[in-house]
Amino acid sequence: MTKNRNKSHKGISFKGDEISIRPPKVSQKIPLRSPAKDQKLTGIQKIAVLMIALGSETSASILKGLDEIEVQAISKEIAKMNKVSANEKDQVLKEFRELFVSQNFIIKGGAEAAQDILKKAFGKEKAHEIVSNINLRFIKRPFEFLNEIEADEIVLLLKKEHPQTIALTLSYLEPALASHVLRNLSPAMQAPIAKRIATMNRSSPEAIEEIEKVLKKRLALLSEEQFQRVDGINVVAEILNKLDRESESQILEAIEEENEELADEIKEQMFLFDDIVHLSNREIQQVIELISNHDIALALKGEEEELREKFLSNMTKNRKAEIKDEMKLLGEVRFREVHRTQQTILNLLKVLESQGDVYLKDRKSEEFVV
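According to the working numbering, the sequence shown is numbered sequentially starting from 664.
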């Protein structure tokens, strides 16, 4: 096993429950506060929570910039997580934001920035006049705090409210978010709420402020009682699926050395290019129809005979001959080109799965009846 060392990357490192940022010629450590009084998360655990909150696409991009030891440590921690409370998630996101603000990594905007820009463009007096005429609702939009939380949490928060309250709240949300909330409310409420939004008159600032206060209190209670369920194994599997094969293998091997059972569970949740051999003939034929000869030839370079035959046996003789010729013409190719093409095919498979055309998970362990 590799000894745990204090590692760093591009001026950022972690040790215990601290994150260290090192700008040029300056070294400063900023401790991350515990997200809960009764449960102190380590620095690496907080990074794992951050990765989960950011999602697999962003997390994979971040991990590509870290070194092997950091990636393995973070991946192991994510895989071990069963649940993360909404409070923990919010606290970790808040602390990381404060961390970057303290290092001047966030550019400030707001009314002061607007006034400075206007002052340079129109002079001091005209700038003051323009800012004075700005409607306050554009500076602080009602119910803006709801745009920062998950859509499903807003549904839980509003579903027992009066239709007029829901209509007022939705009218101030981003259209895509309001649409999601309305769609997930009870069908009997949807039309009345939409009608109220369409016929809504101007509401008093006092009424809006009072409703905001009530919803904020209920949201605080909801955050304390409601836990966000996290399938750590599935999160790691999704991240690994988006990494190159070498990084993926290194991480899985490191996890396997420490916990073989955990590594096996992660592998079961992943769908690798080699697993295409487990698709049915009908499914592989659907995939082949959507891929060019060049991409099939490139993706099969260096693969086992069984996988090659899975593709070639499910196409016409003419196309089979064309692809074999294409593979010969390709000659030597870079592995990353092969992997990129294989990943494109895997992404296509995931789209087909979402449409119900193919079935990817648990194919290796299931028995089928013809």
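We treat Cβ as the ideally placed atom computed from N, Cα and C, and that holds for glycine.
Predicted model only: the values in this text are computed from it and were never measured.
Spatially closest choice to residue i from the options, by CA coordinates
i, options, result
"A716", "I812, V734, P855 and D730", "I812"
"R945", "S719, E985 and Y1022", "Y1022"
"L925", "P868, K743, S722 and L729", "K743"
"N864", "M852, A830 and R881", "A830"
"R859", "H825, K1013 and N922", "H825"
"L1011", "F936, L884 and D815", "F936"
"N762", "I710, A749 and E733", "Per the sequence shown, the amino acid found at residue 762 is Leu instead of Asn. Comparing Cα-Cα distances from L762 to each of I710, A749 and E733, the minimum goes to I710."
"R999", "G965, I874, D988 and E985", "G965"
"L884", "N810, Q1018 and E816", "E816"
"K983", "S849, V1001, E967 and I959", "I959"
"S849", "K823, E967 and E1016", "K823"
"E733", "K987, F934 and S910", "S910"
"S866", "S842, N904, E751 and Q827", "Q827"
"H1002", "D927, N904, K876 and E875", "N904"
"E968", "N981, K980 and K987", "K987"
"F934", "T979, L993, E1016 and S842", "E1016"
Coarse secondary structure for residue i, derived from DSSP in three states
i, result
"V747", "strand"
"T979", "coil"
"H825", "coil"
"G728", "coil"
"K905", "coil"
"K987", "helix"
"D958", "helix"
"L713", "helix"
"L882", "helix"
"I871", "helix"
"I1008", "helix"
"Y835", "helix"
"G895", "helix"
"V877", "helix"
"N864", "coil"
"V1001", "helix"
"V996", "coil"
"L970", "helix"
"P805", "coil"
"S842", "helix"
"Q735", "helix"
"D753", "helix"
"N847", "coil"
"I640", "Outside the modelled stretch of the chain, which goes from 664 to 1033, sits residue 640, for which no answer is possible."
"I812", "coil"
"M852", "helix"
"A938", "Looking at the sequence shown, residue 938 is not Ala but Asp. If DSSP states are grouped into helix, strand and coil, D938 belongs with the helices."
"Q1018", "coil"
"E928", "helix"
"K692", "Low confidence applies here, because K692 scores a pLDDT of 37, under 50, leaving its location unreliable; read the following figure in that light. If DSSP states are grouped into helix, strand and coil, K692 belongs with the strands."
Test item: CB-CB of residue i and residue j under 8 Å
i, j, result
"H740", "Q708", "His is not the amino acid found at residue 740; the sequence shown has Glu there. Cβ atoms of E740 and Q708: closer than 8 Å."
"F974", "I951", "yes"
"V844", "L878", "no"
"L963", "L953", "no"
"N956", "Q932", "no"
"A900", "I918", "no"
"A723", "L906", "yes"
"N977", "I947", "yes"
"L726", "I871", "no"
"F806", "L836", "yes"
"Q913", "D1020", "no"
"L882", "I856", "no"
Cα-Cα separation between residue i and residue j, rounded to whole angstroms
i, j, result
"S738", "G728", "14 Å"
"L704", "F759", "14 Å"
"L961", "Q735", "30 Å"
"V1014", "T1004", "16 Å"
"F890", "Q853", "For F890, the predicted structure reports a pLDDT of 43, less than 50, and the residue's modelled location is therefore unreliable. A value from the coordinates is still provided. Taking the straight line joining both Cα atoms gives about 27 Å."
"E920", "E720", "26 Å"
"E681", "G706", "Any reading at E681 needs caution, since the residue's pLDDT is 46, under 50, leaving its predicted position unreliable; the model's value is listed next. If you take the alpha carbons of E681 and G706, they lie about 5 Å apart."
"Q1006", "K991", "22 Å"
"G895", "A814", "21 Å"
"K757", "R997", "42 Å"
"L819", "A749", "14 Å"
"E995", "D753", "49 Å"
"E972", "F808", "55 Å"
"E873", "N810", "18 Å"
"G718", "Q1018", "22 Å"
"G786", "P868", "32 Å"
"E875", "E788", "35 Å"
"H941", "P838", "42 Å"
"D927", "A851", "46 Å"
Integer-rounded CB distance, given that residue j should sit under 8 Å from residue i
i, j, result
"V755", "L713", "6 Å"
Residue-level contact to chain D via CB, residue i, 8 Å cutoff
i, result
"L906", "Although the question refers to chain D, the structure presented lacks it and comprises just one protein chain."
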